Ligand code: ADP
Ligand code: MG
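In the working numbering, the protein residues as written are 2 to 351.
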């Protein structure tokens, strides 16, 4: 890396970190990039376009704003909207015609549920609601649900594979299926945003959705540098991305229920009905946001002895896990992209 590129890398890394750690609007002083912020999916989404003229940027930001709002309302897991109409129909055993992107989310979910052996399963909306996680205010307080209630939420074995797709029509043979796209929607939304950015002939851009990142194109002479937050505080390290890719993290340290000094995070093992407590975070690099997002959640729910097998099934090569003790693990491919923070080390998975 030459000096100029090194300076630029140092300039971008802190801005990525700042917006992530503090979620504060960024003051944009660098004339080479244009920034806009949107509040959707319960998080701040920041879009940075590089070397773009003002008018083109403003037109694209207006389209992105409209599209983000549409996705937010249509896919919302607990507010009345298109997805709640679909869930009502499933509960009643009716067929329902819906939007092309909800059909696509179902299709992607079926693929990821099958490949992850049910560790990723967005049909468990009733269970997530039972745990009280259908809220934007975290942490939540109070005891976990009763065992008998967890058992009855799982009794119907809800699975996205119970959903039949016929064009734009959906029908669930199982009335316990309640869709909650919380673990894949943001990823799919960033895929759609990336398509819109590319279609506007923007050559380099980065989207930061509360720490989940999508890079579009590349910057001259240097890789994208993505910060990986340490669940115990500070930085675990950074990931270098050569050209467009998605970097998604699932974590159990921001959204959880708390009771009697015990934390119950919002990522649930669909096979037991209980939250995952052993793993602090999983970060995945993939070509598509939807895949990276769903895969990060699936690996959160995976026992350490099976990380490599499940990742391979899902088609993921680059992933990083941080366990509750702060130990970092990296897959072989991830180790080529990851630089640990000073004083941090990681174990290679093989
Ligand atoms: P984050 O919010 O940290 O990005 P995820 O991408 O893992 O986390 O999404 C977590 C959300 O996905 C939960 O709030 C819940 O709505 C839903 N969810 C929880 N467990 C699962 C699971 N095993 N499979 C699919 N969706 C899940
Ligand atoms: Mg996810």
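For each residue, glycine too, the CB sits at the ideal point set by N, CA and C.
Please read these numbers as outputs of a predicted model, since none were measured by experiment.
_Residues of its chain near residue 342, where Cβ-Cβ distance is below 8 Å and the 5 sequence neighbours each way are ignored_ = 231, 235, 236, 237, 238 and 239
_Suppose you measure from the CA of residue 167 to the CA of residue 278; what does that come to, to the nearest Å?_
39 Å
*Taking the alpha-carbon positions, what's the residue 303 to residue 56 distance?*
46 Å
*Tell me whether the beta-carbon of residue 204 lies closer than 7 Å to the beta-carbon of residue 222.*
no
*asked:* Can you look up residue 296 in the DSSP assignment and give me helix, strand or coil?
replied: helix
*With DSSP collapsed to three states, give me the class of residue 307.*
helix
*Close beta carbons around residue 327, own chain, < 8 Å, minus the five adjacent residues each side*: 231, 232, 233 and 281
_Helix, strand or coil for residue 170? Go by DSSP, reduced to three states._
strand
*Same chain, Cβ closer than 8 Å to residue 22, neighbours up to 5 away in sequence not counted*: Confidence in residue 22 is poor, its pLDDT being 35 and thus under 50, which makes the residue's placement unreliable; the coordinate value appears in the next sentence. Closer than 8 Å at the Cβ level, and outside the excluded window around residue 22, lie 230.
*asked:* According to DSSP, simplified to helix, strand and coil, what is residue 313?
replied: helix
*Check whether the Cβ of residue 314 sits closer than 6 Å to any heavy atom of the ligand ADP, and report yes or no.*
no
*Go ahead and label residue 161 buried or exposed: buried means 16 or more other beta carbons lie within 10 angstroms of its beta carbon, across all protein chains shown.*
buried
*Which residues in the same chain as residue 129 place their Cβ atom closer than 8 Å to its Cβ, once the five residues preceding and following it in sequence are excluded?*
78, 135, 181, 183, 267 and 269
*Within 10 angstroms of the Cβ of residue 73, are there 16 or more other Cβ atoms? Answer buried if so, exposed if not.*
buried
*Grouping DSSP H, G and I as helix and E and B as strand, with all else coil, what is residue 333?*
helix
*Quick one: what's got a C-beta closer than 8 Å to residue 132's C-beta in the same chain, skipping five residues either side?*
145, 146, 258, 265, 267, 269 and 276
*Find the nearest neighbour of residue 213 within the set 152, 283 and 274, judged by alpha-carbon distance.*
283
*Inter-residue Cα distance where the pair is residue 334 and residue 93*: 46 Å
*Beta-carbon spacing of residue 121, residue 298 below 7 Å*: yes
*For residue 323 versus residue 347, is the C-beta spacing smaller than 7 Å?*
no
*Alpha carbon to alpha carbon, how far is residue 68 from residue 344?*
42 Å
*For residue 250, count neighbouring Cβ atoms within 10 angstroms of its own Cβ and tell me buried if that reaches 16, exposed if not.*
buried
*Beta-bridge pairing of residue 209 - partner residues as DSSP gives them*: 47 and 214
*For residue 290, which three-state DSSP category applies?*
helix
_Quick check: does the Cβ of residue 123 come within less than 6 Å of any heavy atom belonging to the ligand ADP?_
yes
*asked:* Does residue 174 pass the burial test, meaning 16 or more other C-beta atoms within 10 Å, or should it be called exposed?
replied: exposed
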